[in-house]
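Participant: I am attaching a structure below and will ask some questions about it afterwards.
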Amino acid sequence: MTAVDNTSIVLYHYLRALSVKVSQSTVHRLLDTPVGSSMRGISDALDALHVKNEVYQLPPSPDYFAQLEAPFITMLQVDKNPFHVVTKKSDSIVEFENSECIGVDTFLKKWTGTVLLGEATEETPSDSLYLWKNMGYHLWKYKVVIAILLAIALGITSACQQNNPPAFISYLGILAFGILVSVAILFFPDI
Numbered sequence: 266m267t268a269v270d271n272t273s274i275v276l277y278h279y280l281r282a283l284s285v286k287v288s289q290s291t292v293h294r295l296l297d298t299p300v301g302s303s304m305r306g307i308s309d310a311l312d313a314l315h316v317k318n319e320v321y322q323l324p325p326s327p328d329y330f331a332q333l334e335a336p337f338i339t340m341l342q343v344d345k346n347p348f349h350v351v352t353k354k355s356d357s358i359v360e361f362e363n364s365e366c367i368g369v370d371t372f373l374k375k376w377t378g379t380v381l382l383g384e385a386t387e388e389t390p391s392d393s394l395y396l397w398k399n400m401g402y403h404l405w406k407y408k409v410v411i412a413i414l415l416a417i418a419l420g421i422t423s424a425c426q427q428n429n430p431p432a433f434i435s436y437l438g439i440l441a442f443g444i445l446v447s448v449a450i451l452f453f454p455d456i
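When the count follows the working numbering, it moves up by one through the sequence shown with no breaks and lands on 456 for the last residue.
As structure tokens, then:
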């Protein structure tokens, strides 16, 4: 599932670079197929959104790379997250979707030569409510975390309204902190 999540993030950033307004839940739904975490899955998702796209396997050389126009999706030879969106490039620097920049020489050493180029068409949908849908998607994705935070807030609020000893309130604070750390470790292991 991690590969699908990374692929959906890459595709979402690529669509935003093409000025296509769709929600993350739509992108995730389109990639929820057996080939969703591959270049074929990304191409199929773009086809479903009526984004004209083509995939090329180029020799990984500076000459071919210089002819490419950003933005495009490419594959790098790295351990995890092989897909990346190149948003800007120049003769010396390549910039990715997360504003990370590396030198062209370093990029070419890791580049597989696989690129996906796309272009929005007149038939490409544009969802004016995509920001609200993204908020709903994240609320649904982290509903357990939100429920735990609400329970902690309600518990501390009710304990403070009653005349409880300060030691009990301190105990609740430490307990709440422990629960928050546990939730952070479970839901966000990369922190």
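Just so you know, even glycine gets a beta-carbon here, dropped at the ideal spot from N, CA and C. None of the values given here were measured: they were computed from a predicted structure.
(1) Just verifying my parser: in three-state terms, what is the DSSP assignment at L295?
(2) With 16 as the cutoff for other CB atoms within 10 Å, does V275 come out buried or exposed?
(3) Work out the CA separation of L382 and D297 for me, nearest whole Å.
(4) Would you say E384 and K317 are within 9 angstroms of each other, going by their C-beta atoms?
(5) Which value, in whole angstroms, describes the spacing of the CA atoms of W376 and L415?
(6) Provide the residue span of the alpha helix (DSSP H) that contains T422, from first to last.
(7) Could you give the C-beta distance for G302 and T272, rounded to a whole number, given that I count them as a contact under 8 angstroms?
(8) Does the segment 350-358 come close enough to the segment 386-396 to have 3 or more Cβ pairs within less than 8 angstroms?
(9) Taking the Cβ atom as the reference point for each residue, do I421 and I434 lie within a distance shorter than 9 angstroms?
(10) Bridge partners for Y321 per DSSP, in chain order?
(11) Determine the burial state of I450: buried for a count of at least 16 other Cβ atoms within 10 Å of its Cβ, exposed for fewer.
(12) G368 lies in the beta strand (DSSP E); which residues open and close that run?
(13) According to the neighbour-count rule (16 or more other Cβ atoms, all chains shown, within 10 Å of its Cβ), is F453 buried or exposed?
(14) Just to confirm my understanding: we take Q342, look at its own chain, exclude 5 residues before and 5 after, and list those with CB closer than 7 angstroms. What are they?
(15) Identify whether V350 lies in helix, strand or coil by the three-state DSSP scheme.
(16) Taking the alpha-carbon positions, what's the S326 to F372 distance?
(17) Quick check: what's the CA-CA separation for K447 versus I413?
(18) Based on DSSP bridge pairs, tell me the residues matched to I358.
(19) Identify, in the order they occur along the chain, each residue of the same chain with its Cβ nearer than 7 angstroms to the Cβ of A335, setting aside the five sequence neighbours on each side.
Facilitator: Based on what the coordinates show:
(1) helix
(2) buried
(3) 21 angstroms
(4) yes
(5) 46 angstroms
(6) 408-426
(7) The residue asked about is misnamed: residue 302 is Ser in this sequence, not Gly. Going by Cβ atoms, the distance from S302 to T272 rounds to 5 angstroms, so yes, they are a contact pair.
(8) no
(9) yes
(10) V380
(11) exposed
(12) 366-368
(13) exposed
(14) K375, T377
(15) strand
(16) 11 angstroms
(17) The residue asked about is misnamed: residue 447 is Ser in this sequence, not Lys. Rounded to whole angstroms, S447 to I413 spans 11 angstroms at the Cα level.
(18) G368
(19) V351, T352, K353, K354
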